[in-house]
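Remember, this note's numbering sits 21 above the position in the sequence shown when you count from 1. What follows is one structure encoded as structure tokens, with my remarks underneath.
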Amino acid sequence: MGTSLICLLATSISFSQVTFVRQTLDSGFGVFFVRSYDFDGDGDLDVLAGGEKELAWFENKGGNPPRKHLISNVQGLVWSIYPIDIDGDGDLDVATAEQDKMVWYENKGSGFSRTIFEHGYTFAESVGAADFDEDGDVDIVGLRWGTDAEPEFAFAGLGVLSSWRNNGNQKFTRHDIQPNFPNVHKLVLADINEDGRVDIVVCGKNSESGLNWFENLSGAGFARHKISRDAGLSVAAADINGDSNIDIVYCEPDEGRVVLFRGNGNGGFSRQVVASSLDWPVYPAVSDVNQDGKVDLVIATKKHPSNHNLVWLENTGGTSFVKHVISTSITKPFSVATADLSGDGVPDVVAGSRFDGSVWWWKTAGVADQTPPVISSVAVTGITMTSAVVNWSTDEPADGQVEYGLST
Numbered sequence: 022m023g024t025s026l027i028c029l030l031a032t033s034i035s036f037s038q039v040t041f042v043r044q045t046l047d048s049g050f051g052v053f054f055v056r057s058y059d060f061d062g063d064g065d066l067d068v069l070a071g072g073e074k075e076l077a078w079f080e081n082k083g084g085n086p087p088r089k090h091l092i093s094n095v096q097g098l099v100w101s102i103y104p105i106d107i108d109g110d111g112d113l114d115v116a117t118a119e120q121d122k123m124v125w126y127e128n129k130g131s132g133f134s135r136t137i138f139e140h141g142y143t144f145a146e147s148v149g150a151a152d153f154d155e156d157g158d159v160d161i162v163g164l165r166w167g168t169d170a171e172p173e174f175a176f177a178g179l180g181v182l183s184s185w186r187n188n189g190n191q192k193f194t195r196h197d198i199q200p201n202f203p204n205v206h207k208l209v210l211a212d213i214n215e216d217g218r219v220d221i222v223v224c225g226k227n228s229e230s231g232l233n234w235f236e237n238l239s240g241a242g243f244a245r246h247k248i249s250r251d252a253g254l255s256v257a258a259a260d261i262n263g264d265s266n267i268d269i270v271y272c273e274p275d276e277g278r279v280v281l282f283r284g285n286g287n288g289g290f291s292r293q294v295v296a297s298s299l300d301w302p303v304y305p306a307v308s309d310v311n312q313d314g315k316v317d318l319v320i321a322t323k324k325h326p327s328n329h330n331l332v333w334l335e336n337t338g339g340t341s342f343v344k345h346v347i348s349t350s351i352t353k354p355f356s357v358a359t360a361d362l363s364g365d366g367v368p369d370v371v372a373g374s375r376f377d378g379s380v381w382w383w384k385t386a387g388v389a390d391q392t393p394p395v396i397s398s399v400a401v402t403g404i405t406m407t408s409a410v411v412n413w414s415t416d417e418p419a420d421g422q423v424e425y426g427l428s429t
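Structure, rendered in structure tokens:
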């Protein structure tokens, strides 16, 4: 009777503890807003930051210290930044909401030229840009509170959602999408109903404003849809639960909640609280922090006068999240982003503070390599009725374990 030998080899990856190590990106900045974006087109995410004194971008050097590039000195506060090729010349320009004005910075290659396309506001709050009317050029949208001609808007807490249509030569004409918008605060852009057009998601600080999305009707303007009457200060849009539809992450600081509105792809949403009892959660950033294939959330908390934390909400399955504290020593964070600044393929965390004046980043460490192990060159020799010699080679992460079994 012949003897058969079956050799079974399998590998598994063990996960180590994810930790975060803080480093200073810049100090004395007085940061109000940070955003990650591949600004130089080299395939990695850089960091844009705006504050009381400067608008700048930090070039990702792939593990070496990021290099700071000044875009412009500013007077007043840079509340929002949106990088996009406004003039269609192939490089990225920058649109900003600055104190009492809306501005765009043309990238000249060797520097930037500054153009104020609207000013005289009591307050300019948030900005975004896309070809909303589908005429081939980039338009701009923003939130503002009052003008010199309508100061009563700001005193009454009434904001305005406006668009500035590009005439094709970077001359912009304002159209008010939603006037008399009480306590409106932040906007983000996403194709909510998957019709190929960029829509606008806007949140505000009371029940009259709440959470809304404005459906892009192309050249016919926008249609407002109310998602929630709950008040919030910040919002993000991305596919969080992995169903290919855009979801909305909504921070409700007064209630201490982070809420996920799961999108159905047609403009409808179902509500799920993913974190509660937080100290004033704000400024959500979305990224797969631990590289497990699920989109996580990074949130700042800044309850006055203490408890200023940075929190990672680990997505453990699309409907459940586990809270991990990244830092408890950040002073009143004003904005959060993620980018792989360490060059190891894992997203790091970036945050800034006006009061401390610094831009920090936290290196994410302890994330296991997700590359599937490879087993090759399996050879079985010296087979007898009682023993055999098995040789193999593997290419696997340092945390990998090889398990094998033999049967005859």
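Even for Gly, the Cβ is constructed at its ideal location relative to N, Cα and C. None of these values were measured; they are calculated from a predicted model.
- Your pair residue 90 and residue 80 checks out as a contact, with CB atoms roughly 6 angstroms apart and the cut at 8 angstroms.
- Between residue 57 and residue 241, the C-beta gap is not smaller than 8 angstroms, which leaves the two residues out of contact.
- Counting C-beta atoms within 10 angstroms of its own C-beta, residue 294 has fewer than 16 neighbours from the protein chains shown and is therefore classed as exposed.
- Around residue 376, the same chain offers 352, 353 as residues with beta carbons nearer than 6 angstroms, after the five sequence neighbours per side are excluded.
- DSSP places residue 240 within a helical segment (H, G or I) once states are collapsed to three.
- At the C-beta level, residue 124 and residue 136 come within 8 angstroms of one another.
- By the Cβ-count criterion, residue 410 is exposed, with fewer than 16 other Cβ atoms from all chains shown falling within 10 Å of its own Cβ.
- DSSP places residue 384 in the uninterrupted beta strand (DSSP E) bounded by 380-386.
- For residue 322, the enclosing beta strand (DSSP E) begins and ends at 317-323.
- In this structure residue 369 is buried. Its beta-carbon is surrounded by 16 or more other beta-carbon atoms within 10 angstroms.
- Between residue 226 and residue 319, the alpha-carbon positions lie close to 21 angstroms from each other.
- In the three-state DSSP reduction, residue 274 falls in the helix class (H, G or I).
- Judged by DSSP in its simplified three-state form, residue 252 adopts coil rather than helix or strand.
- Across the structure, residue 343 and residue 297 are spaced so that their CA atoms are roughly 11 angstroms apart.
- Rounded to the nearest angstrom, the gap between the Cα atoms of residue 224 and residue 204 is 9 angstroms.
- Beta-bridge pairing by DSSP links residue 199 to 182.
- Residue 38 has its alpha-carbon roughly 49 angstroms from the corresponding atom of residue 201.
- In this chain, residue 341 is not harboured by any beta strand (DSSP E), its DSSP state being neither H nor E.
- About 25 angstroms separates the beta carbon of residue 252 from that of residue 316, a gap too long to meet the 8 angstroms contact definition.
- Around residue 194, the same chain offers 186 as residues with beta carbons nearer than 6 angstroms, after the five sequence neighbours per side are excluded.
- Listed in chain order, the non-local C-beta contacts of residue 122 below 7 angstroms within the same chain comprise 137, 139, 140, 142, 145, local neighbours out to five positions each way being set aside.
- Across the set 309, 129, 364, 374, the C-alpha of 364 shows the shortest separation from the C-alpha of residue 384.
- Take the alpha-carbon of residue 235 and the one of residue 162: they are about 12 angstroms apart.
- Under the rule that a run must span 3 or more residues, the beta strand (DSSP E) segments found entirely inside the stretch 113-178 read 114-119, 122-128, 133-140, 142-151, 160-168.
- Straight through space, the alpha carbons of residue 245 and residue 373 are spaced by roughly 33 angstroms.
- Counting only the Cα atoms, residue 239 lies some 7 angstroms from residue 218.
- Rounded to the nearest angstrom, the gap between the Cα atoms of residue 387 and residue 309 is 14 angstroms.
- Here residue 86 is exposed: its Cβ has fewer than 16 other Cβ atoms, across all protein chains shown, within 10 Å.
- If you draw a straight line from the Cα of residue 152 to the Cα of residue 382, it comes to about 33 angstroms.
- In the displayed model, residue 218 falls within coil according to three-state DSSP, outside both helix and strand.
- The secondary-structure analysis by DSSP pairs residue 302 across a beta bridge with 322.
- Residue 213 carries a coil assignment under DSSP once its states are collapsed to helix, strand and coil.
- Distance check between residue 50 and each of 93, 64, 65 places 93 closest, using alpha-carbon atoms only.
- Cβ atoms of residue 127 and residue 97 stay farther apart than 8 angstroms, at about 20 angstroms.
- Partner residues in the beta bridge of residue 335, as assigned by DSSP, are 343.
- In this structure, DSSP gives residue 352 a state outside helix and strand, which the three-state scheme calls coil.
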